[in-house]
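**Q** Below is the structure I would like to discuss, written out as structure tokens.
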Amino acid sequence: MNSVTAPVFRFGNDVDTDVIVPGQYLKLGYEEAAAYVMEGIRPGFGNLLQNGGIIIAGENFGCGSSREAAPAALKFAGIRAVIAPYFARIFYRNAINVGLPAIECPEVVESPIQEGEWVTIDFVSAFIQHNRTGNRWSYTPLSLHLREILLAGGLVPFLKGQRQSDKGARL
4 MNSVTAPVFR
14 FGNDVDTDVI
24 VPGQYLKLGY
34 EEAAAYVMEG
44 IRPGFGNLLQ
54 NGGIIIAGEN
64 FGCGSSREAA
74 PAALKFAGIR
84 AVIAPYFARI
94 FYRNAINVGL
104 PAIECPEVVE
114 SPIQEGEWVT
124 IDFVSAFIQH
134 NRTGNRWSYT
144 PLSLHLREIL
154 LAGGLVPFLK
164 GQRQSDKGAR
174 L
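Okay, here's the thing in structure tokens:
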């Protein structure tokens, strides 16, 4: 995955993991919980993601309890990436581990991009483009290691691939 293009959904500051996946849905698998993402602040949000989506959020997205279910359910719901000025660290690592890009770019959050407009994130060149205006914002690229994890689809598929490579090298 070198880039993603999808419509934008905007959320404010301090969106916590209890809002991303409300507690009553934690017993469900990630795929089933995806139908209820953001239910606490935007009922029916999961139904809006037929074309996928990119979340542009305020500060501290993913704060609260350390639920891997939060980024996993977002990914299963069709969220292709989350952009915020900064993330709660545990959410950030969980997002990478499940293969959901978490991009820190305060300028995009402050931009006039409206909900429903489309943006493209280029992971190779590390920029975000507003498709209607052509405006671009650069962000600090993820390390090569984190990009490899995302490209593999998350930490588990990455490690399985590493293990297969190691087996092949020993033959």
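My numbering applies: residue 4 is where the sequence shown begins, and numbers increase by one.
We put the CB at the ideal spot given by N, CA and C, even for glycine.
(1) So what's Phe79 in DSSP terms, helix, strand or just coil?
(2) For the candidate residues Lys30, Val11, Gly47 and Tyr142, whose alpha-carbon lies nearest to that of Glu107?
(3) Is the distance from the Cβ of Asn100 to the Cβ of Gly157 below 7 Å?
(4) Helix, strand or coil: which one does DSSP assign to Thr123?
(5) Counting only the same chain and skipping the five closest in sequence on each side, list residues whose C-beta sits under 6 Å from that of Phe130.
(6) Return yes when the Cβ of Val111 is within less than 7 Å of the Cβ of Ile82, no when it is not.
(7) Which value, in whole angstroms, describes the spacing of the CA atoms of Val24 and Ala80?
(8) Any idea if Thr20 is buried or exposed, counting beta-carbon neighbours within 10 angstroms, 16 or more meaning buried?
(9) Buried or exposed: where does His148 fall if 16 or more other Cβ atoms within 10 Å of its Cβ makes it buried?
(10) Can you name the residues that DSSP bridges to Glu107?
(11) At 3 residues or longer, and completely inside the region 12–99: list those beta strand (DSSP E) runs for me, N to C.
(12) Pro88 and Leu153 look like a contact to me (Cβ under 8 Å); what is the Cβ gap, rounded to whole Å?
(13) Using CA atoms only, rank isn't needed, just tell me which of Arg13, Phe90, Ser6 and Asn5 is closest to Glu113.
(14) Is it true that the CB of Val40 sits closer than 7 Å to the CB of Ala76?
(15) Helix, strand or coil: which one does DSSP assign to Arg135?
(16) Between Gly56 and Glu118, what straight-line distance do the alpha-carbon atoms span, to the nearest angstrom?
(17) With C-beta atoms as the reference, is Ala36 less than 7 Å away from Tyr28?
(18) I'd like the list of long-range same chain contacts for Gly102, defined as Cβ closer than 7 Å, with 5 residues on each side in sequence excluded.
**A** Reading from the atomic positions:
(1) helix
(2) Tyr142
(3) yes
(4) strand
(5) Arg139 and Ser141
(6) no
(7) 11 Å
(8) buried
(9) exposed
(10) Ala87
(11) 56–59 and 82–87
(12) About 20 Å separates the two Cβ atoms, so there is no contact after all.
(13) Arg13
(14) yes
(15) coil
(16) 10 Å
(17) yes
(18) Lys78, Leu153, Gly156 and Gly157
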